[in-house]
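Data first, discussion second: the structure below is written as structure tokens.
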Ligand code: GLU
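Residue numbers (the working numbering): 1381 to 1775.
Printed below as a string of structure tokens:
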């Protein structure tokens, strides 16, 4: 009966990150010794002080519906966080709390895009940006970049990609999957182009802001001329090891926040009440409380870069943040390895799954067909073992 499904769902691709994670889980369930480096998810536990706030919220009977856009004191904590970390002034009526940053992004796309509008996606980009744009009946255009420019686009490329139909552009720094970080100067140069096109809105996804290894993080909305048309998206999943708690949020112009509130009110209502209370504890804590995770990610990044860099055919950038490496593996295209013909990054990723029991995600899902994404949010021992197996599979 699948032909009875709507065109909407039929045209929607499956999330490649979640699909690979599911596949890895399934193979593990069959008893295979899979190392899953597919999902972008910290392998740490949520810090105790956050868990305790959640337990307290249960005892305090936070068990009924919250306001659709989030508890007022959480929105105030978010405003204080924007001020402290991003030098951004938002008022609570500019903030909407959602069930993960993914819902925040979907809300924004749904309230801003009309059929036929164009979305610009500097590539590589997170898999769901394109899918959510399709869901909103817009079309999307990739602005390609390669490892030579550290996977960043130039103002000239941006200018050339804009058409009268362009309505929204997604920025994501630190970037998933490349880990690249746009400097203030680079963002200002891109903003100069956007200043000439006042009908374009900017979604700045800053979910990885705290996972940065020394480079400063600059918020796009901190550019004065961009503030009124930028939606800043963030959440607690990555920095606080809270992926399953599902709390994301936006800071946006009031009229956009109001529309997102209306959209969410018809689809999910307010986000989980206990998770919202715990998020207050997370955001009010000094950032130094989570530095141990960032330090650990940095150690792993350095180790993985060194180990993978020693494998011939892996070309790597140095990711400034997030917890992924994104090697260009196009040197393997056209080769046959252990009976597998390697024509694409998907072929390569399948080779690693089948011959090395290592789950990665193909770069094609991120608009970068020469690369694969490897998450290093795994233990050092697992990462060492994974690289050994990769080496073996390729030998
Ligand atoms: N954002 C993470 C990733 O890219 C989690 C999975 C997802 O929602 O795509 O792996």
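Glycine included, each C-beta is placed from N, C-alpha and C at the ideal position.
None of these values were measured; they are calculated from a predicted model.
Taking residue i as the reference, give the member of the options with the closest Cα.
{"i": "residue 1739", "options": "1404, 1636 and 1665", "result": "1404"}
{"i": "residue 1619", "options": "1684, 1514, 1489 and 1675", "result": "1675"}
{"i": "residue 1521", "options": "1535, 1498 and 1504", "result": "1498"}
{"i": "residue 1592", "options": "1679, 1462 and 1713", "result": "1679"}
{"i": "residue 1774", "options": "1640, 1747 and 1722", "result": "1722"}
{"i": "residue 1720", "options": "1708, 1736 and 1411", "result": "1736"}
{"i": "residue 1395", "options": "1608, 1751 and 1742", "result": "1742"}
{"i": "residue 1487", "options": "1590, 1760 and 1641", "result": "1641"}
{"i": "residue 1454", "options": "1465, 1473, 1439 and 1438", "result": "1473"}
{"i": "residue 1733", "options": "1386, 1383 and 1402", "result": "1402"}
{"i": "residue 1457", "options": "1701, 1713, 1663 and 1502", "result": "1663"}
{"i": "residue 1648", "options": "1435, 1413 and 1445", "result": "1445"}
{"i": "residue 1746", "options": "1471, 1410, 1501 and 1494", "result": "1501"}
{"i": "residue 1608", "options": "1590, 1632, 1505 and 1621", "result": "1632"}
{"i": "residue 1504", "options": "1768, 1752 and 1748", "result": "1748"}
{"i": "residue 1514", "options": "1638, 1768 and 1387", "result": "1387"}
{"i": "residue 1427", "options": "1623, 1517, 1580 and 1565", "result": "1623"}
{"i": "residue 1479", "options": "1650, 1391, 1575 and 1581", "result": "1650"}
{"i": "residue 1639", "options": "1611, 1575 and 1390", "result": "1611"}
{"i": "residue 1667", "options": "1768, 1391, 1461 and 1769", "result": "1461"}
{"i": "residue 1495", "options": "1728, 1431 and 1516", "result": "1516"}
{"i": "residue 1564", "options": "1409, 1436, 1600 and 1407", "result": "1600"}
With a threshold of 8 Å, establish whether the CB of residue i neighbours any heavy atom of the ligand GLU.
{"i": "residue 1393", "result": "no"}
{"i": "residue 1639", "result": "no"}
{"i": "residue 1446", "result": "no"}
{"i": "residue 1586", "result": "no"}
{"i": "residue 1526", "result": "no"}
{"i": "residue 1697", "result": "no"}
{"i": "residue 1602", "result": "no"}
{"i": "residue 1421", "result": "yes"}
{"i": "residue 1426", "result": "no"}
{"i": "residue 1740", "result": "no"}
{"i": "residue 1506", "result": "yes"}
{"i": "residue 1398", "result": "yes"}
{"i": "residue 1418", "result": "yes"}
{"i": "residue 1554", "result": "no"}
{"i": "residue 1623", "result": "yes"}
{"i": "residue 1431", "result": "no"}
{"i": "residue 1557", "result": "yes"}
{"i": "residue 1401", "result": "yes"}
{"i": "residue 1755", "result": "yes"}
Identify, in the order they occur along the chain, each residue of the same chain with its Cβ nearer than 7 Å to the Cβ of residue i, setting aside the five sequence neighbours on each side.
{"i": "residue 1766", "result": "1415, 1417 and 1738"}
{"i": "residue 1603", "result": "1567, 1568 and 1571"}
{"i": "residue 1781", "result": "Residue numbering for the chain in the displayed model covers 1381 to 1775; residue 1781 lies beyond these limits and cannot be assessed."}
{"i": "residue 1527", "result": "1695, 1697 and 1708"}
{"i": "residue 1771", "result": "1691"}
{"i": "residue 1685", "result": "1696, 1698 and 1705"}
{"i": "residue 1590", "result": "1619, 1667, 1670 and 1674"}
{"i": "residue 1558", "result": "1504, 1531, 1697, 1699 and 1706"}
Per DSSP, residue i is paired with what?
{"i": "residue 1720", "result": "1717"}
{"i": "residue 1495", "result": "Answer is none; residue 1495 lacks a bridge partner."}
{"i": "residue 1585", "result": "1552 and 1613"}
{"i": "residue 1753", "result": "1741"}
{"i": "residue 1522", "result": "1501"}
{"i": "residue 1695", "result": "1708"}
{"i": "residue 1416", "result": "1739"}
{"i": "residue 1478", "result": "1628"}
{"i": "residue 1648", "result": "Partner(s): none; residue 1648 has no beta bridge."}
{"i": "residue 1409", "result": "Bridge partners of residue 1409: none, in fact."}
{"i": "residue 1513", "result": "Paired residue(s): none; residue 1513 is not in a bridge."}
{"i": "residue 1592", "result": "1701"}
{"i": "residue 1543", "result": "Paired residue(s): none; residue 1543 is not in a bridge."}
List the whole-angstrom C-beta distance separating residue i from residue j, where the pair is believed to meet the contact cut-off of C-beta under 8 Å.
{"i": "residue 1547", "j": "residue 1508", "result": "So it is not a contact: roughly 18 Å between Cβ atoms."}
{"i": "residue 1755", "j": "residue 1420", "result": "5 Å"}
{"i": "residue 1535", "j": "residue 1573", "result": "5 Å"}
{"i": "residue 1689", "j": "residue 1711", "result": "Actually they do not touch by this definition, with Cβ atoms about 13 Å apart."}
{"i": "residue 1700", "j": "residue 1595", "result": "4 Å"}
{"i": "residue 1523", "j": "residue 1485", "result": "That pair is no contact at about 18 Å."}
{"i": "residue 1683", "j": "residue 1760", "result": "7 Å"}
{"i": "residue 1616", "j": "residue 1583", "result": "Going by Cβ atoms, the distance from residue 1616 to residue 1583 rounds to 18 Å, so no, they are not a contact pair."}
{"i": "residue 1518", "j": "residue 1493", "result": "4 Å"}
What residues in its chain sit with their C-beta under 6 Å from that of residue i, if we drop five residues either side in the sequence?
{"i": "residue 1467", "result": "1602"}
{"i": "residue 1542", "result": "1577"}
{"i": "residue 1645", "result": "1448"}
{"i": "residue 1673", "result": "1424"}
{"i": "residue 1463", "result": "none"}
{"i": "residue 1621", "result": "1422, 1424 and 1426"}
{"i": "residue 1560", "result": "1530, 1531 and 1532"}
Output yes if chain C places a C-beta closer than 9 Å to the C-beta of residue i; else output no.
{"i": "residue 1519", "result": "No chain C is present in this structure, which holds just one protein chain."}
Apart from the five residues just before and just after residue i, which ones in its own chain have a Cβ nearer than 8 Å to its Cβ?
{"i": "residue 1429", "result": "1661, 1665 and 1669"}
{"i": "residue 1562", "result": "1532, 1551, 1553, 1570 and 1598"}
{"i": "residue 1438", "result": "1654"}
{"i": "residue 1716", "result": "1722"}
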